[in-house]
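Be aware that the sequence shown starts at 30, since it is given in the working numbering, and climbs by one per residue. Beta carbons are placed, not taken as given, at the ideal position from N, Cα and C, and that holds for glycine. See structure below.
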Amino acid sequence: NLRPTTWESYEGHCRVHIKPEIGFMKLIHLQTHHLQTLLNRKLESGRADGSGGLSPRTVRYIHTVIHGALEQACHPSEGLIPVNPAKGVKLPKDEKKEPHAYDTEAVKAFLKEVAGHRHYPAYLLELATGLRRGELLALSWNDVDWENGTISIKRNLVRTKEKGLVFQSPKTKNGGRTVPVPGHILQELKKHRKRIAQERLVAGPEYQENNLVFPTLKGTPYDPRTFTEHFEGVVRKLKEKGYPHLTFHGLRHSFATLALQEGIPIKVIQEILGHHSPAFTMAIYTHTTEKMKQEATDKVGHLLASCIGPTAL
30 NLRPTTWESY EGHCRVHIKP EIGFMKLIHL QTHHLQTLLN RKLESGRADG SGGLSPRTVR
90 YIHTVIHGAL EQACHPSEGL IPVNPAKGVK LPKDEKKEPH AYDTEAVKAF LKEVAGHRHY
150 PAYLLELATG LRRGELLALS WNDVDWENGT ISIKRNLVRT KEKGLVFQSP KTKNGGRTVP
210 VPGHILQELK KHRKRIAQER LVAGPEYQEN NLVFPTLKGT PYDPRTFTEH FEGVVRKLKE
270 KGYPHLTFHG LRHSFATLAL QEGIPIKVIQ EILGHHSPAF TMAIYTHTTE KMKQEATDKV
330 GHLLASCIGP TAL
């Protein structure tokens, strides 16, 4: 019942990190200290290329896979072991990294650099909505509501080992959502649609109609990694000019950061991004929200100072 990408992730962790460590052991002999040793070792020197340890987040994920399997072994329908030894393991604290994002100046420089490129409308829509890359590449023209100025997020494009590129439904109920699009960006999408119509004529019989908003020149879905190759080249150019390095996911963070700085309520941003709760959104953008809180108290402080007057100080 797992999504293909989740299954592949579980399989990879089992094959690379779990089976080599404890795969030879009998379930009945498996104890908490064995699992603690496994996770400690992964944290210190668990990278497959031997270049160091895995991140706390990855180690916690490995534990999730082990815990789920052993929980099933404890289930009355299985009855293979009496208790789950993974429950007593101490896990490393998940490191909180402030997401990298472009500020207003960097966004202007980025858009200037990509102006006129075929991907320009995609970058523009990304910065205006904060879609995940797979959501952006899965967009169909049927998802665009020109009259109401919105797009509907109904699926995600991912690459799997067994089936290649596949469309899958949103991971959570919050993932499926309707997002408003600024009017000038809708105009850019209309221009982009005309360009695609011309590309369809040029490609002729080789064109594969998938009704995608951002297809390849042959109409097929873009491999997510291939799609970002141009973006990465632009980022390298901007980095030479002093701007920070950014992944494509950083454009999503840029949208959220700029929206917060413009005073958009956290609940609204959470719904646009498709997060499961406002608290989750705030946890990601702690640095930005802390700065906003500081600015808020400073403004109130200045207001109170003006009310008190110089004689009362």
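Scanning Glu-107, Leu-83, Ile-225, Glu-142 for the CA closest to the CA of Glu-269 turns up Glu-142. With fewer than 16 other beta carbons inside 10 angstroms of its own, Ser-198 counts as exposed. Within the DSSP bridge table, the entry for Pro-209 names Thr-179 as partners. Under the Cβ criterion (8 Å, minimum of three pairs), the stretch 128–136 does not count as touching the stretch 75–86. By the beta-carbon neighbour count (other beta carbons within 10 angstroms, threshold 16), Leu-168 is buried. Boundaries of the beta strand (DSSP E) around Thr-189: 185–189. Annotation for Cys-103: Leu-109, Ile-110, Pro-111, Val-112, Asn-113 place their beta carbon closer than 8 Å to its own, counting only its chain and skipping 5 residues before and after.
Assignment of Ser-283 by DSSP, reduced to helix, strand and coil, places it in the helix class. Cβ neighbours of Glu-107 within its own chain (closer than 7 Å, five residues either side excluded): Gln-101. In the DSSP annotation of this structure, the continuous segment of the alpha helix (DSSP H) that includes Leu-156 starts and ends at 149–158.
In the same chain as Val-208, and ignoring 5 residues on each side of it, the C-beta atoms closer than 7 Å to its own belong to Thr-158, Thr-179, Ile-180, Ile-182, Ile-301, in chain order. At the C-beta level, Thr-286 and Thr-317 come within 8 Å of one another. DSSP places Asp-327 within a helical segment (H, G or I) once states are collapsed to three. Shown here, Gln-197 sits in a strand according to DSSP, grouped into three states. Setting aside the 5 residues that flank it on each side, Glu-127 is surrounded in the same chain by His-316, each with a C-beta closer than 6 Å to its C-beta; the list follows chain order. The alpha helix (DSSP H) runs lying completely inside the stretch 79–164 and spanning 4 residues or more are 85–103, 133–143, 149–158, given in chain order. Contact annotation, Arg-188 with Asp-252: C-beta distance approximately 6 Å; criterion of less than 8 Å satisfied.
Below 8 Å, too few C-beta pairs join the stretch 273–286 and the stretch 215–233 to call them touching: fewer than three.
Note on geometry: alpha-carbon atoms of Gly-41 and Thr-93 lie some 13 Å from one another. Under the DSSP assignment, Tyr-39 falls in the alpha helix (DSSP H) whose first and last residues are 33–42. Here DSSP, grouped into helix, strand and coil, assigns Leu-246 to coil. Sorting Gly-204, Asp-174, Gly-163, Glu-191 by C-alpha distance to the C-alpha of Asn-185 places Gly-163 at the top. With a cutoff of 8 Å on beta-carbon distance, Ala-130 and His-282 are scored as near each other.
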